[in-house]
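Below: one structure, written as structure tokens.
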Amino acid sequence: MSELAVGRGRRIGLRIDRADLLRSLAMFLAFAVTLGGLHTVLAGASWWLFCMLLVIVALGSGLAVRALISSGHTAARPALARVVSPLVSAIALAVTIVVTFAADTALFGFIPTAETVVRFQKLLRDAGYSITWQDVPADADQPILCLLGIGVGALLLFAEIVAFSLRLPALVGLPLAAVFLVPGMTPQGDTDGLFFTGSALAYLGLLMVGRPRQLVPSIAIAVAAVLGGLVLPSALPSTDITATSDSLGPSVSTGVNPMIRLGDDLRRNDKHVALSYSTVSGAPEYLRLVVVSDFFSNNWGPNQPSLNPDNRPVDLPKPPGLAVGVTTEREVSYIHVANLLSPWLPVPYPASSITGLTGSWQYVPDSLTVASNLSLARGENYTVSSVVLTPTPEQLLASGSSVPSGFGDFLSLPPDTPELIARTAEEVTAGESSNYEKALALQEYLRSTPFQYSETAPVSDGYDGTGVEVVAKFLQTHRGYCIHFASAMAVMARELGIPSRMIVGFQPGSPTNNVDNTRRMFEVTTQDLHTWPELYFSGIGWVRFEPTPSRGSVPDYANQTVPGVPVIQDPGAGAPGTPSAGRNGESGPQLDAGPTVARWLTSGDWSSWLAITGTGVVLVALIFLPAGVRTLRRRRRVAALRSGRGTAASAWRELLESSEDVGVRVSPTLTPREAVARLQRVRGMNPAGQVALERIGEAVEREGYGRPATAKVGVGLAIAKDLTTVLTCFRAGIDNSANLRATLLPPSLVSRALRLAGRPT
47 MSELAVGRGR RIGLRIDRAD LLRSLAMFLA FAVTLGGLHT VLAGASWWLF CMLLVIVALG
107 SGLAVRALIS SGHTAARPAL ARVVSPLVSA IALAVTIVVT FAADTALFGF IPTAETVVRF
167 QKLLRDAGYS ITWQDVPADA DQPILCLLGI GVGALLLFAE IVAFSLRLPA LVGLPLAAVF
227 LVPGMTPQGD TDGLFFTGSA LAYLGLLMVG RPRQLVPSIA IAVAAVLGGL VLPSALPSTD
287 ITATSDSLGP SVSTGVNPMI RLGDDLRRND KHVALSYSTV SGAPEYLRLV VVSDFFSNNW
347 GPNQPSLNPD NRPVDLPKPP GLAVGVTTER EVSYIHVANL LSPWLPVPYP ASSITGLTGS
407 WQYVPDSLTV ASNLSLARGE NYTVSSVVLT PTPEQLLASG SSVPSGFGDF LSLPPDTPEL
467 IARTAEEVTA GESSNYEKAL ALQEYLRSTP FQYSETAPVS DGYDGTGVEV VAKFLQTHRG
527 YCIHFASAMA VMARELGIPS RMIVGFQPGS PTNNVDNTRR MFEVTTQDLH TWPELYFSGI
587 GWVRFEPTPS RGSVPDYANQ TVPGVPVIQD PGAGAPGTPS AGRNGESGPQ LDAGPTVARW
647 LTSGDWSSWL AITGTGVVLV ALIFLPAGVR TLRRRRRVAA LRSGRGTAAS AWRELLESSE
707 DVGVRVSPTL TPREAVARLQ RVRGMNPAGQ VALERIGEAV EREGYGRPAT AKVGVGLAIA
767 KDLTTVLTCF RAGIDNSANL RATLLPPSLV SRALRLAGRP T
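Numbering (the numbering used here), first residue to last: 47 to 807.
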């Protein structure tokens, strides 16, 4: 450092290197844009602001440390700054994360204690729960934010080390690529090409800082990064149903919210076994997975349940609203789950006891569904004791139209619910007095002309999905599948003052020729996933209806062909439909691949993991490709010399390329003698190396200016030995970081590529 520079540093206190500052700003911009690309999987902006705080803390503390060391008496030892700056950044990041999430447990608010460790263990565990139960884009709650902060902090430390300690800014692309892989690996998450392009441009700027001669290779790297980022997500393993070699059969999943992609699954043709079961009575039964009762969003689904470890399903409570006089029949079911990846357990309603489970399962008191934060249904074999509700038409009629208190959540609808829904419900049920008769009218209206079951019409007409607007559109087009029929009946029931909710589960399936201890077995496949409404009646409780034509079976109390059931003569504009007890033999529903990261990561499909591993191997191979090419080129030249096939000219070319790799460039206008004199003065050249250089130079002159001579093995061996000696001296004259740079991205290889492309270097 010059005296003037030192003087200035003492006056201002800190001497910030311009290239260091520009590189830090480029990294800040690259991380800002790259992390912004996570908006497809995380909702809101608070998580991004927190991440940017971490970026500022990491890069700012490292920059300050390097400037401070460069301004003091240790400026002659830059290696100290390379070691200290990442350590200070790590401490600063750790303090920031502790203060944000566990200040009340830390000494002086930032020094971790044993209680702090326990707090973070709980946060990370809860982050797993939150990821498991949230759809995409997920709400970045405190546990997810903590996990995100730790992950981003680790990536920032890696970037700090490779960019400033190792002086290899090109490797900063690895953590940036890791961030952009997240949406592509997440079901329902998409990589935003605009954000990725911005990140690639910032990465290009990072490569260009202090290296204006590397414009062409930097642009090439940036272009490759953009193309890779846009193409790689499509090449990642699919999150749909995938076949595995597991003894339990193909891996299938309901996901946390089976409604999310039910329409896509309905339109598939293949099917896989989800489970099999038998019953003591020999009768088939519906199996429930989740209950959906919140109709206020455009993406209906179950809420994350609050699971109490004490609510073990060995003893479930009595179903709500069931009076003593309602006829019930006891049933025992033996359920064998295949490779079904679901945090919800398939069970009949209402179950009274479940035994034989091996995982950690709890029941949800309000819905009597069974779920787990830690286990999947895969491979479970359990026994369910339940009751079959068989209310009579007389009992349902006697329930009248009264609704007990406490059912407001099952009657509420968004304030912007289209008026068409209420008007249609009133027209369909005109003249009916009891809630039971109104429910029958709604069911028969939806099962009658002009309604048609269609899996493709909602897609082509743009109303595939859930929400009150979708319901209104369905009532106009009269075409849809089970979600549309069930949601239409549930919403119209609420408009009429009848508590309702939707169930996602399995139809009874098909009988097989197999037996289970003399009991007939039923097989339930991915085509049996189904949605139906449940309506509440005072003194009886929740009762299933089936408004979807050609799907499921209509229960006796809702079947107008059964004596005693009121006959609805004119349900709206259509005539009464004929209830169907059969199931659709055509393309049936298939299981949703699931909307969460946890579903995919626990899919049991090792081909997904192999694909990720393969992608990682390819990325690593690309990083080390230049080093491999350069090493192979050097070894071939040395091997040719040792075999007598090489020439002094090839040894000279290797000598010049190796010197360029370590930062010593020899002008092509110099003669061999002048070039030798130049190279003998480089750092690290010892007497043995200087003598070896002279011998190589003399061999080049003899070969270039003397008589043509046949190559000799002995001569080649001597040149090869001298060449190895000189190359060792070259490497000894540079530090470890420069050595690593020369190995991973050899400048001579870049120069050669540019020459081949006809571009000046």
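Backbone N, C-alpha and C fix where the C-beta goes; we use that ideal spot for every residue, glycine too.
Just so you know, these numbers come straight off a predicted model, no measurement behind them.
Where Arg-493 falls: helix, strand or coil (DSSP)
In the sequence shown, residue 493 corresponds to position 447, counting from 1. DSSP places Arg-493 in coil when its eight states are reduced to three.
Counting Cβ pairs, one atom from each stretch, are 3 or more of them under 8 angstroms apart for the region 433-440 and the region 586-598?
yes
How long is the line joining the alpha carbons of Leu-44 and Ala-216, rounded to whole angstroms?
In the structure as shown, the chain starts at 47 and stops at 807, and residue 44 therefore has no counterpart that could be examined.
Supposed contact pair Leu-201 and Phe-341 - C-beta distance, whole angstroms, cut 8 angstroms:
As a first step, residue 341 is located in the sequence shown; it is residue number 295 there, counting from the start. As a first step, residue 201 is located in the sequence shown; it is residue number 155 there, counting from the start. That pair is no contact at about 40 angstroms.
First through last residue of the alpha helix (DSSP H) which encompasses Gln-408:
Locating residue 408 in the sequence shown gives position 362, counting from the first residue. Not the alpha helix (DSSP H): Gln-408 falls in the beta strand (DSSP E), residues 408-410.
Rounded Cβ spacing between Phe-453 and Arg-547 (contact assumed at less than 8 angstroms)
Within the sequence shown, the letter at position 407 stands for residue 453. Within the sequence shown, the letter at position 501 stands for residue 547. The beta-carbon separation of Phe-453 and Arg-547, rounded to 10 angstroms, does not stay under the 8 angstroms limit for a contact.
Report the option in Ala-536, Ile-207, Gln-408 whose CA atom is closest to the CA atom of Pro-355.
As a first step, residue 355 is located in the sequence shown; it is residue number 309 there, counting from the start. Pro-355 has its Cα closest to that of Gln-408, out of Ala-536, Ile-207, Gln-408.
With a threshold of 6 angstroms on Cβ separation, who are the neighbours of Ala-686 within its own chain once the five nearest residues in sequence on each side are excluded?
Here residue 686 refers to the residue found at position 640 when the sequence shown is read from its first residue. Same-chain partners within the cutoff: Gly-692.
Name, in chain order, the residues that DSSP records as bridge partners for Met-548.
If you number the sequence shown from 1, residue 548 lands on position 502. Beta-bridge pairing links Met-548 to Val-338, Pro-579.
Own chain residues within Cβ distance below 8 angstroms of Arg-165, not counting five before or after:
Position 119 of the sequence shown holds residue 165. The residues are Phe-147, Ala-148, Thr-151.
CB Val-255 to CB Ala-65, shorter than 8 angstroms?
In the sequence shown, counting from the first residue as 1, residue 255 sits at position 209. In the sequence shown, counting from the first residue as 1, residue 65 sits at position 19. For Val-255 and Ala-65, yes; Cβs fall inside 8 angstroms.
Just verifying my parser: in three-state terms, what is the DSSP assignment at Ser-448?
Working through the sequence shown from its first residue, we reach residue 448 at position 402. It is coil, neither helix nor strand.
Coarse secondary structure for Pro-221, derived from DSSP in three states
Locating residue 221 in the sequence shown gives position 175, where the first residue counts as 1. Residue state, collapsed to three classes: helix.
Beta strand (DSSP E) containing Ile-381: first to last residue?
If you number the sequence shown from 1, residue 381 lands on position 335. Ile-381 -> beta strand (DSSP E) spans 374-383.
Per DSSP, Glu-569 forms a beta bridge with which residues?
Position 523 of the sequence shown, counted from the start, is the residue given in the question as residue 569. According to DSSP, which records beta bridges pairwise, Glu-569 is partnered with Ser-322, Ser-556.
In chain order, what residues of the same chain lie with their CB nearer than 8 angstroms to the CB of Ala-757, ignoring the 5 residues before and after it?
Here residue 757 refers to the residue found at position 711 when the sequence shown is read from its first residue. Residue placement at Ala-757 is flagged as unreliable, the pLDDT there being 46, under the threshold of 50; the coordinate-derived value follows with that caveat. In its chain, beyond the 5 residues on either side, Gly-690, Arg-691, Gly-692, Thr-693 have a beta carbon closer than 8 angstroms to the beta carbon of Ala-757.
Please name the residue or residues paired with Tyr-428 in a DSSP beta bridge.
Translated into the one-based positions of the sequence shown, residue 428 becomes position 382. Tyr-428 is bridged to Ile-381.
Mind checking which residues open and close the beta strand (DSSP E) that includes Ser-596?
Taking the sequence shown and counting its residues from 1, one reaches residue 596 at position 550. In the DSSP assignment, Ser-596 falls outside any beta strand (DSSP E), carrying neither H nor E.
Spatial distance of Met-538 from Ser-70 (CA atoms):
Within the sequence shown, numbered from 1, the residue matching residue 538 stands at position 492. Within the sequence shown, numbered from 1, the residue matching residue 70 stands at position 24. Using only the alpha carbons, I get a separation of about 59 angstroms.
Tell me which residues share the same chain as Pro-557 and place their Cβ nearer than 7 angstroms to its Cβ, disregarding the 5 neighbours each side in the sequence.
By 1-based counting over the sequence shown, the position of residue 557 is 511. Setting aside the 5 residues that flank it on each side, Pro-557 is surrounded in the same chain by Arg-566, Phe-568, each with a C-beta closer than 7 angstroms to its C-beta; the list follows chain order.
Between the Cα of Thr-374 and the Cα atoms of Arg-688, Ser-398, Ser-506, Leu-786, which residue gives the shortest distance?
The residue you call residue 374 lines up with position 328 of the sequence shown. Per the C-alpha coordinates, the member of Arg-688, Ser-398, Ser-506, Leu-786 positioned closest to Thr-374 is Ser-398.
Are at least three pairs of beta-carbons, each pair with one atom in the region 183-202 and one in the region 83-90, less than 8 angstroms apart?
yes
Arg-691 - DSSP class collapsed to helix/strand/coil
Sequence index remark: in the sequence shown, residue 691 carries index 645 (1-based). Of the three classes helix, strand and coil, the one that applies to Arg-691 here is coil, per DSSP.
Using the Cα positions of Asn-559 and Ala-423, report the straight-line distance between them to the nearest angstrom.
Here residue 559 refers to the residue found at position 513 of the sequence shown. Here residue 423 refers to the residue found at position 377 of the sequence shown. If I take the Cα positions, the gap works out to 25 angstroms.
Does the region 480-496 come close enough to the region 603-617 that 3 or more CB-CB pairs lie under 8 angstroms?
The count of Cβ pairs closer than 8 angstroms, one atom from the region 603-617 and one from the region 480-496, reaches three, so the stretches are in contact.
How big is the Cα-Cα spacing for Val-326 and Glu-377?
For this step, residue 326 is matched to residue 280 along the sequence shown. For this step, residue 377 is matched to residue 331 along the sequence shown. One C-alpha to the other measures close to 7 angstroms.
Are Ser-406 and Leu-420 touching if we call contact CB-CB under 8 angstroms?
By one-based count along the sequence shown, residue 406 stands at place 360. By one-based count along the sequence shown, residue 420 stands at place 374. Taking 8 angstroms as the Cβ cut-off, Ser-406 and Leu-420 qualify as a contacting pair.
Using the C-alpha atoms, what's the distance from Asp-707 back to Ala-788?
Mapped onto the sequence shown, residue 788 falls at position 742. Mapped onto the sequence shown, residue 707 falls at position 661. In a straight line, the C-alpha of Ala-788 is about 5 angstroms away from that of Asp-707.
Contact under 8 angstroms by Cβ, Phe-241 with Val-79
Within the sequence shown, numbered from 1, the residue matching residue 241 stands at position 195. Within the sequence shown, numbered from 1, the residue matching residue 79 stands at position 33. When the beta-carbon positions are compared, Phe-241 and Val-79 come within less than 8 angstroms of each other.
Alpha-carbon to alpha-carbon, Lys-364 and Asp-651
Taking the sequence shown and counting its residues from 1, the one referred to as residue 651 is at position 605. Taking the sequence shown and counting its residues from 1, the one referred to as residue 364 is at position 318. Because the pLDDT of Asp-651 is 42, which lies under 50, any placement of that residue in the model is unreliable, and the number read from its coordinates should be weighed accordingly. Using only the alpha carbons, I get a separation of about 39 angstroms.
Which value, in whole angstroms, describes the spacing of the CA atoms of Glu-440 and Ser-480?
Taking the sequence shown and counting its residues from 1, the one referred to as residue 440 is at position 394. Taking the sequence shown and counting its residues from 1, the one referred to as residue 480 is at position 434. When rounded, the distance between both Cα atoms is 11 angstroms.
Can you tell me which of the three DSSP states Trp-698 falls into?
Along the sequence shown, read from residue 1 onward, the residue named residue 698 stands at position 652. Residue state, collapsed to three classes: helix.
Contact under 8 angstroms by Cβ, Ala-76 with Leu-220
Position 30 of the sequence shown, counted from the first residue, corresponds to residue 76. Position 174 of the sequence shown, counted from the first residue, corresponds to residue 220. Contact flag unset, no.
Could you tell me the distance, in whole angstroms, from the CA atom of Leu-193 to the CA atom of Gly-83?
Residue mapping note: residue 193 aligns to position 147 of the sequence shown, counting from 1. Residue mapping note: residue 83 aligns to position 37 of the sequence shown, counting from 1. Going from the Cα of Leu-193 to the Cα of Gly-83 covers about 17 angstroms.
Nearest CA to the CA of Tyr-603: which residue from Ser-339, Asn-785, Leu-442?
Counted from its first residue, the sequence shown places residue 603 at position 557. The shortest C-alpha separation from Tyr-603 is found at Leu-442.
Ala-384, buried or exposed, once every other Cβ within 10 Å from all chains shown has been counted against 16
Within the sequence shown, numbered from 1, the residue matching residue 384 stands at position 338. Classification for Ala-384: buried.
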